[in-house]
Amino acid sequence: MAKLHFRPYIPNQTVLFPGRIDENIASNDPVRIVNTVVDNLNLDNFKKLYKATGRCPYHPKMMLKVIIYAYMNNIYSCRKIEKLLLRDIHYIWLSGNEHPDFITINRFRNRVKEEINTVFTQLVLVLADKGFISLDVEYIDGTKIESMANKYTFVWRKTVEKNRTKLMDKIRILLEQVDEAIAQENSSKDTSVEFTPAMLSDIVNELKEVLEHQPVTKDKEQKKVIREKKKQVRELEEYRDKLMEYDNHLEVLGERNSYSKTDPDATFMRMKEDAMKNGQTKPGYNLQTGTENQFIIDFRLFPNPTDTLTLIPFFHSFQHRYNRLPGIGVADSGYGSEENYRFMQDNGIEAFVKYNYFHKEQRPRYTPNPFHAESLHYNAGEDYYVCPMGQHMNRIGTRRDKTASGYISESARYKAQRCEGCPLRGSCFKAGGTVL
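Going by UniProt numbering, the sequence shown opens with residue 1, and the numbers climb by one from there.
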(Lines of atoms letter the chains of each structure in order from A and count residues from 1; the text may use other names and numbers.)
(Lines give C-alpha, C1' and ligand atoms only; values in the text may rest on other atoms or scores of the structure.)
Protein backbone atom coordinates (compact mmCIF):
# COMPACT_ATOMS: atom_id res chain seq x y z
CA MET A 1 0.00 0.00 0.00
CA ALA A 2 1.39 3.38 -1.07
CA LYS A 3 2.22 5.85 1.68
CA LEU A 4 0.24 9.09 1.70
CA HIS A 5 2.32 12.22 1.11
CA PHE A 6 1.30 15.88 1.47
CA ARG A 7 2.94 18.88 -0.08
CA PRO A 8 5.37 20.60 2.29
CA TYR A 9 3.64 23.11 4.57
CA ILE A 10 5.99 25.38 6.52
CA PRO A 11 4.22 28.72 7.13
CA ASN A 12 7.12 30.24 9.11
CA GLN A 13 9.82 29.28 6.62
CA THR A 14 12.29 32.04 5.73
CA VAL A 15 12.88 32.65 2.01
CA LEU A 16 16.47 33.15 0.94
CA PHE A 17 15.56 35.23 -2.12
CA PRO A 18 12.25 37.05 -1.45
CA GLY A 19 9.94 37.43 -4.43
CA ARG A 20 8.18 40.56 -5.65
CA ILE A 21 4.89 41.47 -3.99
CA ASP A 22 3.06 41.65 -7.31
CA GLU A 23 4.09 38.16 -8.47
CA ASN A 24 0.69 36.83 -7.41
CA ILE A 25 -1.26 39.69 -9.02
CA ALA A 26 -2.64 38.98 -12.50
CA SER A 27 -1.28 41.08 -15.35
CA ASN A 28 -4.80 42.25 -16.29
CA ASP A 29 -5.92 43.02 -12.74
CA PRO A 30 -7.59 46.48 -12.38
CA VAL A 31 -5.10 47.38 -9.66
CA ARG A 32 -2.35 47.52 -12.29
CA ILE A 33 -4.42 49.97 -14.35
CA VAL A 34 -4.82 52.25 -11.32
CA ASN A 35 -1.08 52.07 -10.67
CA THR A 36 -0.16 52.91 -14.29
CA VAL A 37 -2.68 55.72 -14.70
CA VAL A 38 -1.79 57.53 -11.46
CA ASP A 39 1.93 57.24 -12.31
CA ASN A 40 1.22 59.18 -15.52
CA LEU A 41 -0.65 62.00 -13.77
CA ASN A 42 0.93 65.34 -12.96
CA LEU A 43 0.49 65.92 -9.23
CA ASP A 44 2.62 69.05 -8.88
CA ASN A 45 -0.40 70.92 -7.49
CA PHE A 46 -0.36 68.58 -4.50
CA LYS A 47 3.02 69.91 -3.35
CA LYS A 48 1.52 73.20 -2.20
CA LEU A 49 -0.61 71.25 0.27
CA TYR A 50 2.44 70.13 2.27
CA LYS A 51 4.94 71.91 4.49
CA ALA A 52 8.68 71.64 3.85
CA THR A 53 9.39 71.23 7.57
CA GLY A 54 8.43 68.48 9.96
CA ARG A 55 8.10 64.76 9.48
CA CYS A 56 8.24 63.46 5.91
CA PRO A 57 4.67 62.78 4.70
CA TYR A 58 3.51 59.78 2.71
CA HIS A 59 3.88 60.19 -1.05
CA PRO A 60 0.67 61.66 -2.53
CA LYS A 61 0.78 59.26 -5.49
CA MET A 62 0.73 56.28 -3.14
CA MET A 63 -2.13 57.72 -1.10
CA LEU A 64 -4.09 58.60 -4.24
CA LYS A 65 -3.65 55.09 -5.69
CA VAL A 66 -4.91 53.47 -2.50
CA ILE A 67 -7.97 55.72 -2.23
CA ILE A 68 -8.91 55.41 -5.92
CA TYR A 69 -8.62 51.62 -5.83
CA ALA A 70 -10.67 51.47 -2.63
CA TYR A 71 -13.38 53.64 -4.20
CA MET A 72 -13.38 51.37 -7.27
CA ASN A 73 -14.31 48.52 -4.93
CA ASN A 74 -17.00 50.53 -3.10
CA ILE A 75 -14.88 50.93 0.02
CA TYR A 76 -15.11 54.42 1.50
CA SER A 77 -14.32 53.85 5.18
CA CYS A 78 -10.82 54.95 6.20
CA ARG A 79 -10.73 52.27 8.90
CA LYS A 80 -11.48 49.54 6.34
CA ILE A 81 -8.78 50.90 4.05
CA GLU A 82 -6.32 50.82 6.95
CA LYS A 83 -7.09 47.12 7.55
CA LEU A 84 -6.78 46.29 3.85
CA LEU A 85 -3.31 47.87 3.78
CA LEU A 86 -2.27 45.12 6.21
CA ARG A 87 -4.20 42.18 4.73
CA ASP A 88 -4.87 42.58 0.99
CA ILE A 89 -1.96 41.98 -1.37
CA HIS A 90 -3.35 44.51 -3.88
CA TYR A 91 -3.29 47.33 -1.33
CA ILE A 92 0.06 46.20 0.08
CA TRP A 93 1.57 46.37 -3.41
CA LEU A 94 -0.02 49.75 -4.25
CA SER A 95 1.22 51.26 -0.99
CA GLY A 96 4.72 49.82 -1.32
CA ASN A 97 4.15 48.07 2.03
CA GLU A 98 3.49 51.42 3.74
CA HIS A 99 0.86 51.47 6.49
CA PRO A 100 -0.80 54.88 6.96
CA ASP A 101 -3.47 54.81 9.65
CA PHE A 102 -7.10 55.82 9.15
CA ILE A 103 -6.51 59.33 10.51
CA THR A 104 -3.75 59.95 7.95
CA ILE A 105 -5.93 58.59 5.14
CA ASN A 106 -8.86 60.80 6.13
CA ARG A 107 -6.62 63.86 6.54
CA PHE A 108 -5.17 63.31 3.05
CA ARG A 109 -8.63 62.87 1.58
CA ASN A 110 -9.84 66.15 3.06
CA ARG A 111 -6.63 67.97 2.13
CA VAL A 112 -6.74 67.11 -1.58
CA LYS A 113 -10.49 67.52 -1.96
CA GLU A 114 -10.12 70.65 -4.11
CA GLU A 115 -7.44 69.06 -6.31
CA ILE A 116 -9.40 65.89 -7.11
CA ASN A 117 -11.27 67.76 -9.85
CA THR A 118 -7.96 68.50 -11.58
CA VAL A 119 -6.92 64.86 -11.25
CA PHE A 120 -10.21 63.78 -12.82
CA THR A 121 -9.66 66.12 -15.77
CA GLN A 122 -6.16 64.73 -16.31
CA LEU A 123 -7.50 61.19 -16.19
CA VAL A 124 -10.11 61.94 -18.87
CA LEU A 125 -7.47 63.57 -21.08
CA VAL A 126 -5.34 60.42 -20.72
CA LEU A 127 -8.31 58.36 -21.96
CA ALA A 128 -8.73 60.76 -24.89
CA ASP A 129 -5.02 60.53 -25.70
CA LYS A 130 -5.23 56.71 -25.70
CA GLY A 131 -8.18 56.82 -28.10
CA PHE A 132 -10.85 55.48 -25.74
CA ILE A 133 -12.91 58.68 -26.05
CA SER A 134 -13.00 61.70 -28.37
CA LEU A 135 -14.76 64.35 -26.22
CA ASP A 136 -16.89 65.13 -29.28
CA VAL A 137 -20.03 63.50 -27.88
CA GLU A 138 -21.51 63.94 -24.42
CA TYR A 139 -24.37 61.79 -23.14
CA ILE A 140 -25.97 63.65 -20.25
CA ASP A 141 -28.19 62.29 -17.50
CA GLY A 142 -28.89 63.07 -13.87
CA THR A 143 -29.92 61.34 -10.69
CA LYS A 144 -30.99 62.41 -7.21
CA ILE A 145 -28.68 61.50 -4.34
CA GLU A 146 -30.22 61.62 -0.88
CA SER A 147 -28.16 63.32 1.80
CA MET A 148 -27.45 61.70 5.15
CA ALA A 149 -28.90 64.76 6.87
CA ASN A 150 -32.06 64.53 8.95
CA LYS A 151 -35.13 65.24 6.81
CA TYR A 152 -36.61 67.47 9.55
CA THR A 153 -33.70 69.95 9.59
CA PHE A 154 -35.15 72.06 6.78
CA VAL A 155 -34.93 75.82 6.33
CA TRP A 156 -37.32 77.31 3.76
CA ARG A 157 -36.69 80.64 2.03
CA LYS A 158 -40.35 81.73 2.11
CA THR A 159 -40.56 81.13 5.86
CA VAL A 160 -37.33 83.03 6.52
CA GLU A 161 -38.35 86.00 4.36
CA LYS A 162 -41.83 86.09 5.92
CA ASN A 163 -40.50 86.01 9.49
CA ARG A 164 -37.79 88.54 8.66
CA THR A 165 -40.39 91.01 7.37
CA LYS A 166 -42.42 90.60 10.56
CA LEU A 167 -39.28 91.10 12.62
CA MET A 168 -38.51 94.36 10.80
CA ASP A 169 -41.96 95.67 11.72
CA LYS A 170 -41.39 94.74 15.37
CA ILE A 171 -38.02 96.51 15.35
CA ARG A 172 -39.53 99.74 13.98
CA ILE A 173 -42.32 99.69 16.56
CA LEU A 174 -39.87 99.03 19.39
CA LEU A 175 -37.51 101.81 18.30
CA GLU A 176 -40.37 104.28 18.30
CA GLN A 177 -41.11 103.28 21.89
CA VAL A 178 -37.51 103.27 23.10
CA ASP A 179 -36.31 106.72 22.21
CA GLU A 180 -37.86 109.18 19.79
CA ALA A 181 -34.51 110.81 18.95
CA ILE A 182 -32.85 107.48 18.15
CA ALA A 183 -35.88 106.29 16.25
CA GLN A 184 -35.88 109.44 14.10
CA GLU A 185 -32.14 109.23 13.52
CA ASN A 186 -32.18 105.59 12.38
CA SER A 187 -35.55 105.20 10.75
CA SER A 188 -36.84 108.74 10.07
CA LYS A 189 -40.27 107.06 10.03
CA ASP A 190 -39.27 105.48 6.73
CA THR A 191 -40.55 101.90 6.61
CA SER A 192 -38.32 101.19 3.61
CA VAL A 193 -35.15 101.35 5.75
CA GLU A 194 -33.56 97.92 6.14
CA PHE A 195 -32.01 97.51 9.56
CA THR A 196 -28.85 95.44 9.89
CA PRO A 197 -27.49 93.67 12.99
CA ALA A 198 -24.63 96.20 13.05
CA MET A 199 -27.07 99.12 13.12
CA LEU A 200 -29.04 97.53 15.95
CA SER A 201 -25.83 96.89 17.90
CA ASP A 202 -24.96 100.59 17.65
CA ILE A 203 -28.42 101.54 18.89
CA VAL A 204 -28.19 99.05 21.77
CA ASN A 205 -24.79 100.41 22.81
CA GLU A 206 -26.08 103.96 22.66
CA LEU A 207 -29.10 103.10 24.80
CA LYS A 208 -26.95 101.27 27.34
CA GLU A 209 -24.67 104.28 27.60
CA VAL A 210 -27.67 106.53 28.24
CA LEU A 211 -28.96 104.19 30.95
CA GLU A 212 -25.56 104.00 32.65
CA HIS A 213 -25.46 107.79 33.02
CA GLN A 214 -28.94 107.96 34.47
CA PRO A 215 -28.81 109.50 37.97
CA VAL A 216 -29.83 107.31 40.88
CA THR A 217 -33.38 108.11 41.92
CA LYS A 218 -35.81 106.95 44.55
CA ASP A 219 -38.85 108.06 42.62
CA LYS A 220 -41.04 105.03 41.83
CA GLU A 221 -42.20 106.40 38.50
CA GLN A 222 -38.62 107.08 37.39
CA LYS A 223 -37.55 103.59 38.47
CA LYS A 224 -40.43 102.12 36.50
CA VAL A 225 -39.41 104.06 33.40
CA ILE A 226 -35.78 102.86 33.73
CA ARG A 227 -36.90 99.24 34.16
CA GLU A 228 -39.04 99.56 31.05
CA LYS A 229 -36.09 101.01 29.11
CA LYS A 230 -33.85 98.11 30.18
CA LYS A 231 -36.52 95.64 29.13
CA GLN A 232 -36.76 97.29 25.72
CA VAL A 233 -32.97 97.11 25.32
CA ARG A 234 -33.07 93.36 26.05
CA GLU A 235 -35.84 92.92 23.48
CA LEU A 236 -33.83 94.89 20.95
CA GLU A 237 -30.83 92.61 21.58
CA GLU A 238 -33.05 89.57 20.99
CA TYR A 239 -34.34 91.09 17.75
CA ARG A 240 -30.77 91.82 16.67
CA ASP A 241 -29.72 88.19 17.27
CA LYS A 242 -32.81 86.92 15.44
CA LEU A 243 -32.14 89.25 12.51
CA MET A 244 -28.58 87.96 12.36
CA GLU A 245 -29.91 84.40 12.28
CA TYR A 246 -32.28 85.19 9.40
CA ASP A 247 -29.51 86.94 7.45
CA ASN A 248 -27.26 83.90 7.92
CA HIS A 249 -30.04 81.66 6.60
CA LEU A 250 -30.43 83.83 3.50
CA GLU A 251 -26.68 83.85 2.93
CA VAL A 252 -26.53 80.04 3.05
CA LEU A 253 -29.60 79.74 0.82
CA GLY A 254 -28.11 81.87 -1.95
CA GLU A 255 -30.44 81.32 -4.91
CA ARG A 256 -31.94 78.15 -3.44
CA ASN A 257 -35.36 77.82 -1.82
CA SER A 258 -34.28 75.47 0.99
CA TYR A 259 -31.35 73.81 2.73
CA SER A 260 -30.63 71.43 5.59
CA LYS A 261 -29.22 72.74 8.87
CA THR A 262 -26.97 69.69 9.32
CA ASP A 263 -25.89 69.61 5.65
CA PRO A 264 -26.04 73.18 4.28
CA ASP A 265 -25.05 72.05 0.77
CA ALA A 266 -28.12 69.79 0.49
CA THR A 267 -31.39 71.10 -0.95
CA PHE A 268 -34.82 69.63 -0.24
CA MET A 269 -36.27 67.91 -3.30
CA ARG A 270 -38.49 64.98 -4.23
CA MET A 271 -36.60 61.74 -4.77
CA LYS A 272 -37.28 59.06 -7.37
CA GLU A 273 -37.63 56.44 -4.64
CA ASP A 274 -40.68 57.42 -2.59
CA ALA A 275 -41.48 54.54 -0.25
CA MET A 276 -44.41 56.36 1.40
CA LYS A 277 -45.86 57.54 -1.94
CA ASN A 278 -46.62 60.96 -0.45
CA GLY A 279 -44.19 63.16 -2.39
CA GLN A 280 -42.24 64.08 0.72
CA THR A 281 -39.17 66.20 0.07
CA LYS A 282 -35.81 65.06 1.41
CA PRO A 283 -32.38 66.73 1.55
CA GLY A 284 -30.30 65.73 -1.44
CA TYR A 285 -28.35 66.68 -4.53
CA ASN A 286 -29.04 66.59 -8.25
CA LEU A 287 -25.96 64.88 -9.69
CA GLN A 288 -25.41 65.45 -13.41
CA THR A 289 -22.94 63.24 -15.28
CA GLY A 290 -21.69 63.33 -18.84
CA THR A 291 -20.40 60.13 -20.43
CA GLU A 292 -18.85 58.89 -23.64
CA ASN A 293 -18.18 55.28 -24.52
CA GLN A 294 -19.27 54.38 -20.95
CA PHE A 295 -16.57 56.61 -19.42
CA ILE A 296 -17.62 59.50 -17.18
CA ILE A 297 -16.12 62.65 -18.68
CA ASP A 298 -17.79 65.33 -16.56
CA PHE A 299 -19.84 65.67 -13.38
CA ARG A 300 -21.41 68.41 -11.31
CA LEU A 301 -23.80 68.76 -8.38
CA PHE A 302 -26.80 71.09 -8.67
CA PRO A 303 -29.20 72.36 -5.99
CA ASN A 304 -32.26 72.56 -8.26
CA PRO A 305 -34.37 69.39 -8.58
CA THR A 306 -35.32 69.75 -12.28
CA ASP A 307 -32.90 68.81 -15.05
CA THR A 308 -34.04 71.55 -17.44
CA LEU A 309 -32.09 74.30 -15.67
CA THR A 310 -28.91 72.22 -15.39
CA LEU A 311 -28.09 71.63 -19.07
CA ILE A 312 -26.55 75.01 -19.94
CA PRO A 313 -24.46 75.27 -16.72
CA PHE A 314 -23.33 71.69 -17.32
CA PHE A 315 -22.13 72.56 -20.83
CA HIS A 316 -20.27 75.53 -19.30
CA SER A 317 -18.67 73.09 -16.84
CA PHE A 318 -17.50 70.95 -19.78
CA GLN A 319 -16.11 74.02 -21.53
CA HIS A 320 -14.27 75.18 -18.40
CA ARG A 321 -12.75 71.73 -17.94
CA TYR A 322 -11.62 71.07 -21.53
CA ASN A 323 -11.60 74.56 -23.14
CA ARG A 324 -14.14 73.43 -25.70
CA LEU A 325 -17.75 72.33 -26.10
CA PRO A 326 -18.82 68.90 -27.36
CA GLY A 327 -19.97 68.69 -30.95
CA ILE A 328 -22.97 66.50 -30.07
CA GLY A 329 -25.19 66.64 -26.98
CA VAL A 330 -27.49 63.74 -26.10
CA ALA A 331 -30.08 63.91 -23.30
CA ASP A 332 -33.61 62.75 -22.48
CA SER A 333 -36.82 64.76 -22.58
CA GLY A 334 -36.25 66.17 -19.10
CA TYR A 335 -33.73 68.60 -20.64
CA GLY A 336 -35.94 69.80 -23.49
CA SER A 337 -36.71 73.53 -23.45
CA GLU A 338 -36.56 76.46 -25.85
CA GLU A 339 -33.67 78.01 -23.93
CA ASN A 340 -31.60 74.81 -24.09
CA TYR A 341 -32.29 74.28 -27.80
CA ARG A 342 -31.34 77.89 -28.53
CA PHE A 343 -28.09 77.58 -26.57
CA MET A 344 -27.05 74.41 -28.43
CA GLN A 345 -27.95 75.93 -31.79
CA ASP A 346 -26.00 79.14 -31.10
CA ASN A 347 -22.92 77.20 -29.93
CA GLY A 348 -22.81 74.67 -32.76
CA ILE A 349 -23.85 71.67 -30.66
CA GLU A 350 -25.84 69.08 -32.60
CA ALA A 351 -28.75 68.32 -30.28
CA PHE A 352 -30.28 64.91 -29.74
CA VAL A 353 -32.65 66.05 -26.99
CA LYS A 354 -36.31 65.09 -26.96
CA TYR A 355 -38.94 67.70 -26.20
CA ASN A 356 -41.15 67.35 -23.13
CA TYR A 357 -44.19 65.78 -24.79
CA PHE A 358 -42.28 63.39 -27.05
CA HIS A 359 -43.07 60.18 -25.14
CA LYS A 360 -46.69 61.21 -24.60
CA GLU A 361 -47.15 61.64 -28.35
CA GLN A 362 -45.77 58.15 -29.01
CA ARG A 363 -48.54 56.43 -27.05
CA PRO A 364 -50.98 54.41 -29.22
CA ARG A 365 -54.04 56.12 -27.73
CA TYR A 366 -52.66 59.63 -28.02
CA THR A 367 -54.82 62.06 -30.01
CA PRO A 368 -53.63 65.64 -30.56
CA ASN A 369 -55.78 68.47 -29.25
CA PRO A 370 -57.49 70.01 -32.31
CA PHE A 371 -57.49 73.43 -30.63
CA HIS A 372 -53.73 73.58 -30.03
CA ALA A 373 -51.74 75.81 -32.35
CA GLU A 374 -49.78 72.81 -33.67
CA SER A 375 -53.02 71.27 -34.98
CA LEU A 376 -54.31 74.36 -36.80
CA HIS A 377 -53.66 75.27 -40.42
CA TYR A 378 -51.17 78.14 -40.72
CA ASN A 379 -50.81 80.47 -43.67
CA ALA A 380 -47.18 81.62 -43.57
CA GLY A 381 -47.59 84.13 -46.41
CA GLU A 382 -50.33 86.17 -44.73
CA ASP A 383 -49.45 85.14 -41.15
CA TYR A 384 -52.76 83.80 -39.86
CA TYR A 385 -54.17 80.57 -38.44
CA VAL A 386 -57.47 78.93 -39.35
CA CYS A 387 -59.56 77.71 -36.41
CA PRO A 388 -61.52 74.40 -36.53
CA MET A 389 -64.62 76.34 -37.65
CA GLY A 390 -62.75 77.89 -40.60
CA GLN A 391 -62.39 81.41 -39.19
CA HIS A 392 -59.13 83.33 -39.68
CA MET A 393 -57.13 84.14 -36.55
CA ASN A 394 -54.96 87.20 -37.13
CA ARG A 395 -51.88 88.13 -35.14
CA ILE A 396 -52.51 90.67 -32.39
CA GLY A 397 -49.13 90.85 -30.66
CA THR A 398 -46.26 89.06 -28.97
CA ARG A 399 -46.22 87.58 -25.49
CA ARG A 400 -43.00 87.56 -23.48
CA ASP A 401 -42.51 85.14 -20.60
CA LYS A 402 -39.52 85.05 -18.27
CA THR A 403 -38.31 81.63 -17.11
CA ALA A 404 -36.74 80.79 -13.75
CA SER A 405 -33.29 81.19 -15.29
CA GLY A 406 -34.09 84.66 -16.65
CA TYR A 407 -34.56 83.58 -20.28
CA ILE A 408 -37.16 85.61 -22.20
CA SER A 409 -39.41 83.39 -24.29
CA GLU A 410 -41.45 85.07 -27.02
CA SER A 411 -44.64 83.65 -28.50
CA ALA A 412 -46.96 85.19 -31.09
CA ARG A 413 -50.61 85.71 -30.15
CA TYR A 414 -53.50 85.20 -32.58
CA LYS A 415 -57.17 86.00 -32.14
CA ALA A 416 -60.37 85.35 -34.05
CA GLN A 417 -62.79 88.21 -34.67
CA ARG A 418 -66.25 86.63 -34.34
CA CYS A 419 -66.74 83.80 -31.87
CA GLU A 420 -70.21 84.63 -30.51
CA GLY A 421 -72.58 81.76 -31.08
CA CYS A 422 -69.82 79.35 -32.19
CA PRO A 423 -70.68 75.75 -31.15
CA LEU A 424 -67.00 75.11 -30.32
CA ARG A 425 -66.62 78.23 -28.18
CA GLY A 426 -66.67 76.25 -24.92
CA SER A 427 -63.75 74.06 -26.04
CA CYS A 428 -61.39 76.74 -27.32
CA PHE A 429 -62.41 79.87 -25.41
CA LYS A 430 -60.02 81.09 -22.71
CA ALA A 431 -60.81 83.42 -19.84
CA GLY A 432 -58.68 86.21 -21.31
CA GLY A 433 -60.38 86.08 -24.71
CA THR A 434 -60.38 83.98 -27.85
CA VAL A 435 -56.63 83.76 -28.04
CA LEU A 436 -54.48 80.74 -28.88
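Glycine included, every Cβ here is placed at the ideal spot set by N, Cα and C.
Bear in mind that the values here come from a model prediction, so they are computed numbers and not experimental data.
- In the three-state scheme derived from DSSP, where H, G and I count as helix and E and B as strand, H377 is classed as strand.
- Looking from the CA of K231, the closest CA among E255, G284, N248 and L175 belongs to L175.
- Distances from the alpha-carbon of L287 to those of K272, E212, Q280 and G279 put K272 closest.
- Partner residues in the beta bridge of L301, as assigned by DSSP, are L287.
- The continuous alpha helix (DSSP H) containing Y322 extends over residues L311 to Y322.
- For the 7 Å CB-CB criterion, G334 and V353 do not form a contact.
- Here Y259 is buried: its Cβ has 16 or more other Cβ atoms, across all protein chains shown, within 10 Å.
- Counting C-beta atoms within 10 angstroms of its own C-beta, N35 has 16 or more neighbours from the protein chains shown and is therefore classed as buried.
- When S134, L207, N150 and K65 are compared, the shortest CA-CA separation from V119 is found for K65.
- Per DSSP, reduced to three states, the secondary structure at N150 is coil, with no helix or strand assignment.
- The C-beta distance from S147 to G279 rounds to 18 Å, too long to fall under 8 Å, and the pair is not in contact.
- The secondary-structure analysis by DSSP pairs G327 with nothing; it has no beta-bridge partner.
- DSSP places A198 in the uninterrupted alpha helix (DSSP H) bounded by P197 to E212.
- In this structure L325 touches I349 by the C-beta definition: roughly 6 Å separates them, less than 8 Å.
- If one requires a minimum length of 3 residues, no beta strand (DSSP E) run lies completely within the region 106–131.
- Ranked by how close their Cα comes to the Cα of P303, the residues H320, M269 and N293 have M269 in first place.
- When the five nearest sequence neighbours on each side are left out, the beta carbons in the same chain lying within less than 7 Å of the beta carbon of C78 are those of F102, I105 and N106, in order along the chain.
- One Cα belongs to Y322, the other to A331, and the distance between them is close to 20 Å.
- In the three-state reduction of the DSSP assignment, I396 falls in the strand class.
- Ranked by how close their Cα comes to the Cα of F299, the residues K83, T121, M63 and K48 have T121 in first place.
- With contacts defined by Cβ atoms closer than 7 Å, Y71 and T291 do not form a contacting pair.
- Going by C-alpha positions, K51 is about 49 Å away from T165.
- DSSP places V31 outside any beta strand (DSSP E); the residue lies instead in the alpha helix (DSSP H), whose first and last residues are P30 to D39.
- Shortest Cα-Cα distance from S27 to any of F195, M393, C428 and H90 involves H90.
- Just measuring C-alpha positions, the residue of Q417, N394 and P388 sitting nearest C428 is P388.
- With 16 or more other Cβ atoms inside 10 Å of its own Cβ, E82 counts as buried.
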